[in-house]
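Participant:
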Amino acid sequence: MNSALYEKDYYLWLQETADLLEKGKVSELDIENLLAESQGMFRTQRQALKSNLRVLLLYLLKWKYRANKRSKSWRSSMIEPRKQIRDSFEDSPSLKNYYREIFSLSYQDARELATAETNLEIETFSINSLFTEEEVLDAEYFPDENIGSDASDRHEVFYD
Numbered sequence: 001m002n003s004a005l006y007e008k009d010y011y012l013w014l015q016e017t018a019d020l021l022e023k024g025k026v027s028e029l030d031i032e033n034l035l036a037e038s039q040g041m042f043r044t045q046r047q048a049l050k051s052n053l054r055v056l057l058l059y060l061l062k063w064k065y066r067a068n069k070r071s072k073s074w075r076s077s078m079i080e081p082r083k084q085i086r087d088s089f090e091d092s093p094s095l096k097n098y099y100r101e102i103f104s105l106s107y108q109d110a111r112e113l114a115t116a117e118t119n120l121e122i123e124t125f126s127i128n129s130l131f132t133e134e135e136v137l138d139a140e141y142f143p144d145e146n147i148g149s150d151a152s153d154r155h156e157v158f159y160d
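Its first residue numbered 1, the sequence shown is counted upward by one per residue in the UniProt record's numbering.
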């Protein structure tokens, strides 16, 4: 396949690439651009997971440390990233390993964001995550609302 097609008509390039793969005509593939696309999709999946985790941790921190400012919109702001992460795990179970890898760094990023959004000193927010990897993904978990409940008693957890 002509690699110029990739630059000229991306959609047509995708169609022809899929057609060549379906027919097993590997030698005719535009390998360079196919590799670039594959690597881009890989990065996109990881970036989306990291972004959703960071946002979710930010709202969990705000929920915990700004109890007097809690609102329905904050609660609903935690639903979407949880769903996005769950969907990512359903589509790509191996992303669970990446989730474990980035959890601590994402928490540190969320501390910085929480400082900027709340005007509280960064030292206000515990340096170590107050939330477990499982709690963060638990659809029913909201800090300080689950006192005395066991994570295994709560509803759906998206992480195994």
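Glycine residues also receive a C-beta, built at the ideal position from the N, C-alpha and C atoms.
(1) Could you check whether the Cβ of residue 105 sits closer than 6 Å to any heavy atom belonging to the ligand NAD?
(2) Helix, strand or coil: which one does DSSP assign to residue 52?
(3) Of all the options 59, 31, 1, which has the alpha carbon lying nearest to the alpha carbon of residue 143?
(4) I'd like the span of the alpha helix (DSSP H) that includes residue 143, first residue to last.
(5) Counting C-beta neighbours from all protein chains within 10 Å, is the total for residue 35 16 or more, i.e. buried, or is it exposed?
(6) Just verifying my parser: in three-state terms, what is the DSSP assignment at residue 132?
(7) For residue 135 and residue 141, I'd like the C-alpha separation in whole angstroms.
(8) Taking the continuous alpha helix (DSSP H) assigned at residue 175, which residues delimit it?
(9) Does the CB of residue 74 have a neighbour CB from chain C at under 7 Å?
(10) Quick check on residue 1: does DSSP put it in helix, strand or coil?
(11) Give me the residue from 37, 50, 71 with the minimum Cα distance to residue 10.
(12) For residue 103, which residues of its own chain have a beta-carbon under 6 Å away from its beta-carbon, when the five flanking residues on both sides are left out?
(13) Cα separation between residue 44 and residue 67?
(14) Would you grab the beta carbon distance between residue 137 and residue 79 for me? Rounded to a whole angstrom, and I think it's under 8 Å.
(15) Would residue 54 and residue 4 qualify as a contact pair, given that the criterion is a beta-carbon distance under 7 Å?
Facilitator: With the structure as the only source:
(1) Absence of the ligand NAD is noted for the structure shown, with no ligands found whatsoever.
(2) helix
(3) 59
(4) Note, residue 143: premise wrong, no alpha helix (DSSP H); not H, not E.
(5) exposed
(6) coil
(7) 6 Å
(8) Nothing can be reported for residue 175: it is not among the residues displayed for the chain, which extend from 1 to 160.
(9) The structure shown contains no chain C; it is built from a single protein chain.
(10) coil
(11) 37
(12) 133
(13) 34 Å
(14) In fact, because the Cβ distance is near 12 Å, the residues do not count as touching under 8 Å.
(15) no
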